[in-house]
Amino acid sequence: MRFLILGIVAGLLTLTRPEGVVLAGLVGLGLFIRQRSTLTFLIARISLYTLAFFIPLIPYLIFNLQTSGTLLPNTFYAKAAEYAELTAQSNFFARWLSLYRQPLIGAQVLLVPGLIFGAWKLARERKWILLVPAAWILLLPALYAWRLPVEYQFGRYLMPIIPFVVVYGSVGTAMLFQRISLRVIRRAWALTLAALLAAFYLLGANFYAQSVAVIQCEMVAVANWTRANLPPNALIAAHDIGAQAYFDPRPLLDLAGLVSPEVIPFIRDEEKLIEWMKARGAQYAIFFPTWYPQISQDARVRQVFSTGCVTTRELGEENLGVYQVQ
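For the sequence shown, my numbering assigns the number 11 to the initial residue and increments by one for each residue that follows.
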């Protein structure tokens with residue numbers, strides 16, 4: 011029964027985020043390592059776990075095949091296509107290492123020595139089962155380095171490794187402190203850790219407030235403007251459809267390809283994007299000018315609204331604009 015329940019939970023985890031399949035694999039590996047039964051019995055248990063894993067996934071996979079013709083949702087392929095050029099700019103190892111910058115910003119960076127020491131100690135003592143969850147810290151960034159090596163929005167795709175860094179880093183740091191004889195070093199390390207935690211808590215609150223302010227005075231402001239000023243039947247093409255669709259519900263074309271997957275093959279070709287918008291009958295487009303510099307300067311589009319948000323300007327960024335497609 012335990013294998014059945016774990017398999018279903020692993021399947022639900024993968025439904026939540028596709029990269030959950032990595033954690034599901036680690037759970038399966040952990041079950042394999044822990045078992046001391048016969049090979050036949052072990053194969054039966056792992057097979058039960060795998061079968062249970064697919065129970066919640068099968069309807070999801072069938073739905074994707076029927077709606078988009080692929081096993082994974084459009085968002086996966088759209089994001090990968092939009093940032094495909096990043097995978098060609100450096101080798102895999104360099105991309106992999108660079109993805110640790112954002113999730114290690116904060117007090118947790120002081121836990122890294124303890125993390126490394128703890129992992130080394132567990133490996134030396136051959137406590138492999140305790141090391142299996144720590145593999146998540148390596149595998150998730152590796153997965154994104156392969157397909158989507160981006161760090162925007164505070165590295166949100168890599169945030170799931172932070173709890174693992176904190177747990178393993180805290181335990182490893184406690185182990186490391188037992189090996190450090192100088193009390194002054196231990197105290198300085200602990201006090202610095204506490205000070206960084208407090209400082210980054212306040213910094214994080216400020217960054218969060220700024221992010222909310224930008225969303226409100228850019229995306230939400232544009233959606234409110236289009237609802238009040240554009241004809242109800244006007245078709246809009248937008249790069250970020252979240253707030254737009256919520257505050258101004260109407261049919262939309264998605265320049266990012268999340269709900270308009272037909273743009274994925276030419277998602278970075280601005281000339282083809284203009285032709286596609288015109289062919290689909292889009293009357294307006296919403297985007298940041300530097301996201302589509304060629305389109306923003308094209309004679310076939312004319313800016314009719316800009317938010318003029320002061321907060322965004324103070325952060326050194328540009329304002330969101332509404333463009334009429336002519």
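Even for Gly, the Cβ is constructed at its ideal location relative to N, Cα and C. Note that this is a predicted model, so its numbers are computed, not measured.
Taking three-plus beta-carbon pairs below 8 angstroms as touching, is the segment 177-193 in contact with the segment 121-128?
yes
Does DSSP put Val-37 in a helix, a strand or coil?
helix
Gly-116: buried (16+ other C-beta within 10 angstroms of its C-beta) or exposed?
buried
Phe-300: which of Ala-34, Tyr-211, Leu-114, Arg-278 sits nearest, CA to CA?
Reading the sequence as shown, one finds Thr at residue 300 and not Phe. Checking every option, the nearest Cα to that of Thr-300 belongs to Arg-278.
How do the segment 278-287 and the segment 99-117 stand: do at least 3 beta-carbon pairs fall below 8 angstroms, yes or no?
no
Which whole runs of the alpha helix (DSSP H) in the segment 176-209 are 4 residues long or more, in chain order?
none
Excluding the 5 residues preceding and the 5 following Leu-265 in the sequence, name in chain order all residues of the same chain whose CB lies nearer than 7 angstroms to its CB.
Ala-247, Ala-248, His-249, Val-273, Leu-283, Phe-297
For Ile-246, the residue or residues it bridges with in DSSP
Leu-262, Tyr-294
Take Phe-315 and list the residues in its own chain whose beta-carbon comes closer than 6 angstroms to its own, dropping the five residues that flank it on each side.
Trp-235, Val-332
Complete alpha helix (DSSP H) runs within the segment 76-141 (minimum length 4 residues, chain order):
84-92, 102-108, 122-134, 138-141
Rounded C-alpha distance that separates Leu-207 from Gln-76:
48 angstroms
For Thr-85, which of Val-269, Leu-330, Thr-321, Thr-202 has the nearest alpha-carbon?
Val-269
Assuming Val-311 contacts Ala-289 under a Cβ cut-off of 8 angstroms, what Cβ separation, rounded to an integer in Å, is found between them?
In fact, because the Cβ distance is near 15 angstroms, the residues do not count as touching under 8 angstroms.
Which word fits Ala-233, buried or exposed, when buried means at least 16 other C-beta atoms lie within 10 angstroms of its C-beta?
buried
By DSSP, does Arg-27 sit in helix, in strand, or in coil?
coil
Selected residue, minimal CA-CA separation from Gln-254, among Leu-330, Ile-139, Tyr-59, Leu-52:
Leu-330
Rounded straight-line distance, which links the Cα of Val-175 to that of Leu-140
14 angstroms
Contacting residues, own chain, Cβ-Cβ under 7 angstroms from Val-31 (five flanking each side not counted):
Thr-24
Can you check whether the CB of Leu-82 is closer than 8 angstroms to the CB of Pro-28?
yes
Length of the line joining the Cα atoms of Ser-191 and Arg-197:
11 angstroms
Quick check on the DSSP output: the alpha helix (DSSP H) that includes Phe-64 runs from which residue to which?
49-64
If you compare alpha carbons, which of Arg-260, Ala-34, Gly-38 is closest to Leu-8?
Shown here, the chain extends from 11 to 336; a query on residue 8 therefore has no answer.
Closest Cα partner of Ile-305 within the set Val-335, Thr-322, Gln-293, Cys-319:
Val-335
Would you mind sorting Ala-88 into buried or exposed? The rule is 16 or more other CB atoms within 10 Å of its CB.
buried
Apply the 10 Å Cβ neighbour rule to Pro-173 and answer buried if 16 or more other Cβ atoms are within range, or exposed otherwise.
exposed
Which two residues bound the contiguous beta strand (DSSP E) that contains Phe-315?
311-316
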